[in-house]
Each structure stands twice: as C-alpha cells, then as structure tokens.
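The listed protein sequences correspond, in order, to chains A and B. Just add 3 to wherever you are in the first sequence, counting from 1, and you've got this note's numbering. Just add 401 to wherever you are in the second sequence, counting from 1, and you've got this note's numbering. Yeah, the Cβ is synthetic: ideal placement off N, Cα and C, and Gly gets one too. Input: a single structure, listed below in structure tokens.
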Amino acid sequence: MSGSYLAKRLLLTLPTLFGVIVIIFVLLRVVPGDPIAMMVPPEAGPEDVARLRAVYGLDKSMVQQFAIFLGALARGDFGTSISLKQDVFGLVVGRLPATLELALVSIVFSLAAGLALALIATHLRGRWPEWLIDGFNSVALALPEFLWALLLVLALGVLVPLLPISGRFDPAVELPLATQFYLIESLVRGDFSLAAHLLPYLIMPALALSLPLIAVITRVLKSSLQDALAQDYVLFARINGFSAARILVRYALPNALIPAITVAGVHFIFLVGGTVLVELIFSYPGIGNMLYGAAVYRDLPLIQGVTIAFAVLFVLLNLLIDLLYLVINPRVRHS
Amino acid sequence: MRVWGWRANPRLVFGAFVALLLLVCTLFAPLLAPHDPMDQDLLNQLRPPVVMTGNDPAFALGTDELGRDLFSRLIYGAQPAVLVMVVGATLSGIVGVGLGLLAGYFGGWIDTGVSRVVEIFMSFPPMLIAIVLAAVIGPGLDTVIIAVVVIGWTRVCRVIRGEVLAMRELDFVTSARAAGVSHLRIIFHELVPNLAPLLAVLFGLEMGRAVVTEAVLAFIGFSSSDIATWGAMIAGGRSYLYQAWWITALPVAVIALSVLGLNALGDGLRQATDPLLRR
C-alpha cells in the first residue's frame with residue numbers, strides 16, 4: 004500500500020502548493036505599492052516607467068500575468084532580482100544549503116536534548132531535576148526564537164564572549180569545499196578540524212531555533228513515557244527484575260516515541276520558519292537573511308522566489324514527516 | 402473560594418501586574434519619562450546605566466548612539482506595543498472566533514472553505530507573511546497591525562473551530578436545538594460563554610505574539626520611524642553590542658517580560674474562569 008499512499012499524498016500537496024502560489028501572486032500584485040516607482044531615479048520620465056513596466060510584464064492584465072507567472076515557474080524561471088540583478092532561482096538555490104544546514108543542526112539539537120531531558124525528568128520524577136526541567140520548559144516555550152537569538156547573542160557572544168555572533172565561518176579561513184553544505188561536507192570528507200571551525204558559528208543560531216522545540220519534545224515525550232510506564236508490559240518487566248533504567252529505555256521509550264515524533268514533526272515546520280529571523284540576527288547567509296534584503300528593497304521577484312522556496316520546503320517537510328510516521332508506527336504501516 | 406489572590410493564582414497576579422505596567426506607561430508616558438524619547442544629545446552618547454561607571458545621573462538607564470535617553474524610550478516604546486497588541490489581538494480574535502464559530506457550528510462547505518484557507522495560510526512561516534506583507538504595504542503602524550491580524554486569526558480560528566466542533570455534539574447544544582432555539586441564540590448564549598476560558602488564553606497568547614511581531618517589524622524598519630519602538634532600539638543597539646550592550650539588552654528584557662506576563666495573564670484568567678480548573 005506504500006506506493007499508492009505515497010502517490011496520493013504527493014497529489015494532495017499540489018492544491019496546497021497552488022494555493023500558496025496564488026496567495027503570493029495576489030499579495031505581491033494587488034496590494035498597493037509600485038516597485039517600478041522605487042527602482043527609477045527621480046529624473047525618469049513616464050515613458051521610462053512604461054518601458055520598465057513592460058520589461059517586468061507589469062503592463063498586462065492580472066490573469067495574463069498569472070498565466071505567464073505559472074508558466075515561468077514550471078520552467079524553473081523565477082525571474083531576475085531587481086536589487087541584485089541576478090537570476091532569482093540561482094540566488095535562492097545558492098543560499099538554500101546554508102538554511103537547510105542550520106535547520107538540520109537545530110533539529111538534531113532539539114531531538115537529542117528533548118530525548119535526554121525527557122528521560123532524565125522521567126527517571127528522576129518527583130525530585131528536583133524534574134522541577135528544574137519543567138521550569139526550563141515553560142520559559143523556553145514562552146519566548147520566541149527572535150528573543151532567544153538576541154538573548155544568546157548578549158549572553159554568549161558579548162557578556163561572556165564564547166561564540167562568534169555573525170556569519171557562517173571566519174573569512175580568513177579557506178574553505179576547500181565543493182558544495183554550500185559546509186559543515187556536512189567537511190564531516191563527510193573527514194576534515195574534522197574544519198568542522199570544528201564551522202560548528203561554533205552554528206551553535207547559537209541553532210540553539211535559538213531549537214529551544215522552543217526542545218521544550219515541546221520534552222513535554223510530550225515525558226507525558227507519553229509516563230503513560231507507557233503505567234502499562235502492563237512494564238509491570239511484567241518490573242516483575243522480571245529488570246532495572247528501572249532498562250525498563251525506561253528498552254520498554255517504555257519505543258512506545259512513547261510515536262506521539263513525540265508526531266508532535267515534533269509539526270514543530271519542525273515552525274522551526275524552519277524561524278530561520279528567517281534567526282539568520283537576520285546572526286547575519287547568517289541563508290535564504291531568510293536574503294528575504295530581509297529583498298523586503299527592504301521591495302525586490303518583488305526575489306521576495307517571490309524566497310517565499311515559494313519556503314512554501315516548497317514546508318510542503319516537502321510535511322510529506323517527509325508523514326512518511327516517517329508511516330515507518331515508525333506499525334499500526335499505520337500494516338493497515 | 403478565592404481564585405483571584407496571589408496564593409491561589411500567582412500567574413494572574415503576575416500577568417495583571419505586567420499588563421497594568423504596560424498600560425500605565427502607555428497612558429502616562431509624557432508624565433513618567435524624564436526626557437523626550439526622540440531628543441538627541443550628541444555630547445552624551447552611549448552612556449551606561451547608573452549602576453555602571455561613566456554614567457550620567459540624568460540618564461537613569463543610559464543613552465543610545467544618538468544620546469537619546471533609554472529609560473524614556475522604553476516607556477514611550479510601550480505605546481506602539483500596547484496599541485498593536487490590543488488592536489491586533491482584538492481584530493484577530495474577532496475574525497478568528499467569527500470564522501471558527503461558523504465553520505465549527507455549521508460545518509459543510511463553510512467548514513471546508515474556512516479550513517482550506519487556514520491550511521494554506523499555515524503552510525507559510527507566520528513571520529515570513531508579516532515581513533512580506535510589510536514590505537509590500539510599506540512601513541507604518543497600520544502595516545504592523547494588518548500583519549498581526551493576517552497571521553493571528555488563523556491560529557485562533559483553528560482552535561475555536563475544533564472546540565466548537567466537539568461542543569456542538571454535547572447535550573446542552575443538542576437539547577437547545579431540539580427546543581427550537583435559533584442558531585444565533587445557540588451561538589451567543591450556549592457556545593460563546595463556554596468558550597470564554599479558552600478565549601482568555603488565546604487572547605493572552607495573541608497579545609504576546611503581537612508584541613513580538615511589532616518588535617520584529619520595527620527591528621527590520623517596517624514600523625513607524627517617527628516614534629520610539631523597542632524593535633528599533635534593538636536594531637540601533639546591535640551595531641554597538643560590544644561598546645554598549647545595554648542598549649540592546651534593555652528592550653530585549655522588556656519585550657521578554659511583556660510576553661511572559663501576557664501569557665501568564667491568559668493562563669491565569671483561564672484558571673480563574675474555568676470551573677474545571679477551580680480546585
């Protein structure tokens with residue numbers, strides 16, 4: 004059934020993606036504000052404006068523009084950036100790896116820390132570590148990544164300068180890499196000294212993104228671990244004399260992971276969305292940071308390209324999470 | 402039984418304190434602030450707060466890169482924050498609750514339509530929508546409010562719809578319907594009062610989010626540039642992090658306190674109004 008399920012699921016993403024594209028198109032065209040007026044120097048005459056409007060296709064009707072727009076998107080043609088005078092598709096693809104790497108490291112952080120905190124809090128329930136973790140959770144969850152990013156910059160970048168506060172690497176260091184996935188490629192190549200140079204640049208942005216998610220994962224996993232510990236098979240294991248730690252990790256954890264991963268999946272998407280602000284604060288060269296420049300210059304083609312890139316990322320991530328759910332949940336797999 | 406005291410409901414007390422503080426700063430800013438928030442004093446740039454060396458007692462919390470008084474700017478910064486949070490959260494609440502009630506109560510094509518639109522909106526990062534919207538409309542406080550409402554109503558709508566969907570099958574609704582009570586009366590006399598505790602939490606959450614959205618948009622430069630905003634303070638201070646970290650730290654602390662306080666206010670109000678939690 005997996006093949007047909009996958010096909011159906013893929014087909015279902017199309018209407019959402021189409022809706023997203025329609026919204027972006029309408030938002031950027033119908034809302035007042037003339038990008039051409041922003042581009043031309045003050046001495047330009049009306050005929051210059053008209054010529055530029057024609058160059059960017061802004062003189063045609065809305066429906067015509069939408070048809071042209073869709074056709075171009077289908078060919079992978081996202082237009083030319085007004086502020087950077089470069090191909091939008093190339094710009095977005097060039098910056099995307101940085102954002103993906105940041106998101107991936109954040110997700111790894113969240114899963115590892117969430118798992119560890121939930122296990123500790125459950126194992127030591129009723130004692131002070133549990134209260135400490137619960138307290139951390141409520142604060143971590145209440146503040147958004149924008150504030151976490153600034154708090155981290157102030158705490159670990161300025162007051163106790165442990166970590167670099169901007170960029171992806173030290174420009175003085177040479178990067179003998181073929182792709183934009185700096186950290187991943189250096190790890191794959193086994194160049195651990197380069198990886199050790201790159202990692203500090205990722206720690207604070209990734210932490211800012213993952214703190215709220217760590218709290219979510221810990222909370223859900225903790226409560227599902229508690230449910231699992233109340234089951235008969237745990238009682239049976241306990242009667243057989245297995246240690247509490249072994250019961251927790253070997254018996255309760257596998258059953259408790261499913262709800263935690265489901266909830267975490269939904270929040271991965273928020274995390275990817277959070278990269279927009281975190282990249283801006285850490286001057287991290289991903290697509291979120293590029294959106295900021297595009298927004299300031301009202302660079303519509305670039306805004307469009309970045310927005311669509313995010314939407315596609317979201318849709319694909321949703322799909323991936325569904326598939327992951329299929330893999331980890333035996334009940335769905337065998338139905 | 403007491404539900405309003407510090408012992409019984411510390412969140413409510415903390416939240417109410419923060420909300421009151423914000424309100425007082427908003428209404429009485431000209432009386433409270435020792436300086437004009439936009440007044441530049443180039444002889445007194447980057448002064449630290451009074452607890453640090455090199456301070457000037459005239460500027461209790463120090464000055465920014467243009468010699469503007471940080472204390473006064475923090476107080477005046479409450480004005481746009483409170484305006485955006487109250488107007489933005491109220492409008493998102495009205496749109497979200499209205500559509501959520503319609504979708505959940507009537508179901509059918511209304512539900513399909515509303516849910517699909519919510520789904521599409523939720524497939525964007527909310528801050529991305531806010532930034533793109535602000536870029537297209539142009540800077541200003543009204544832009545910030547529009548952005549807050551556009552990203553806020555979907556969250557309210559989804560929660561309310563789910564709640565109404567479950568509630569409409571309960572006995573008190575079905576019996577009201579069997580007794581021939583009109584739809585409008587059921588919605589306003591049966592459903593809305595039961596949604597009140599949930600609305601309190603949602604309102605608190607949305608106000609907190611509105612404060613952050615306002616700060617983010619002001620930080621990027623999409624709020625009004627004629628007034629003092631916490632976001633603009635952060636943006637200005639960011640270039641002086643190493644010389645004068647307090648310029649950034651003060652507004653960050655104020656925003657964080659506001660968000661925590663407003664969330665606590667929502668939780669506390671729910672605890673005080675929800676009969677199930679009153680134990």
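Segment contact: the region 615 to 626 of chain B against the region 533 to 550 of chain B, three or more CB-CB distances shorter than 8 Å; contact assigned. Identification of residues in the region 189 to 213 of chain A having a C-beta nearer than 7 Å to some C-beta of chain B yields an empty set. Here A/A297 is near A/V309, since their CB atoms are less than 9 Å apart. Annotated three-state conformation of A/T125 is helix, per DSSP. Residues A211, V281, I284 of the same chain have their beta carbon placed closer than 6 Å to that of A/A152, with the five preceding and five following residues left out of the count. Counting only Cβ-Cβ distances below 7 Å, A/P167 has no contacts in chain B at all, with the closest Cβ about 12 Å away.
Interface flag for B/A657 against chain A is set, since a Cβ pair is found closer than 9 Å.
In terms of CA proximity to A/P288, A/Y185 leads the group A/Q307, A/Y185, A/R241. Taking a Cβ-Cβ threshold of 7 Å, the residues of chain A close to B/I521 are T19, G22, V23, I26, in chain order. When A/Q67, A/I272, A/T265, A/M293 are compared, the shortest CA-CA separation from B/P527 is found for A/I272. Proximity of A/I110 to chain B, defined by a Cβ-Cβ separation below 9 Å, is not satisfied. For A/N140, the closest alpha carbon among the candidates A/D194, A/L216, A/A77 is that of A/L216. One thing to note: A/A116 has its Cβ within 9 Å of the Cβ of A/S213. Contact with chain B is absent for A/T102, since none of that chain's Cβ atoms lies less than 9 Å from the residue's Cβ. Scanning the region 175 to 243 of chain A from its first residue to its last, no whole beta strand (DSSP E) run of 3-plus residues comes out. The Cβ atoms of A/A231 and A/L256 lie closer than 9 Å to each other. Pairing B/F573 with A/L274, the inter-Cα distance amounts to about 41 Å.
A Cβ-Cβ distance of about 17 Å is found for the pair B/S624 and B/L423, leaving them out of contact under the 8 Å criterion. Going by C-alpha positions, B/G494 is about 11 Å away from B/L502.
Around B/D675, the same chain offers P598 as residues with beta carbons nearer than 6 Å, after the five sequence neighbours per side are excluded.
9 Å or more divides the Cβ of B/F472 from the Cβ of B/G669. Interface annotation, B/S524: in contact with chain A, CB-CB separation under 9 Å.
In the structure shown, B/D437 adopts coil according to DSSP, grouped into three states.
For A/A145, the nearest beta carbon of chain B is closer than 9 Å to its own beta carbon. Per the Cβ contact rule, the region 58 to 78 of chain A is not in contact with the region 162 to 178 of chain A (fewer than 3 Cβ pairs under 8 Å).
Listed along chain B is no residue with a C-beta nearer than 7 Å to that of A/R222; the closest approach is about 15 Å.
In its chain, beyond the 5 residues on either side, I136, T221 have a beta carbon closer than 6 Å to the beta carbon of A/L120. Contact check for A/G268 and A/L327: beta-carbon distance about 7 Å, within the 8 Å limit, so the pair qualifies. Contact annotation: B/V485 and B/V655 have beta-carbon atoms that are not nearer than 9 Å. When DSSP states are grouped into helix, strand and coil, B/T454 belongs to the coil group.
By a beta-carbon distance limit of 8 Å, A/R171 does not contact A/I290. Their separation comes to about 13 Å. B/R556 is a Cβ neighbour of B/L603, given a cutoff of 9 Å. Within the region 76 to 107 of chain A, no residue has a Cβ lying closer than 7 Å to any Cβ of chain B.
Taking a beta-carbon distance threshold of 9 Å, A/G160 counts as an interface residue toward chain B. Within the region 303 to 324 of chain A, the residues whose Cβ lies closer than 7 Å to any Cβ of chain B are, in chain order, I306, T310, F313, A314, F317, V318.
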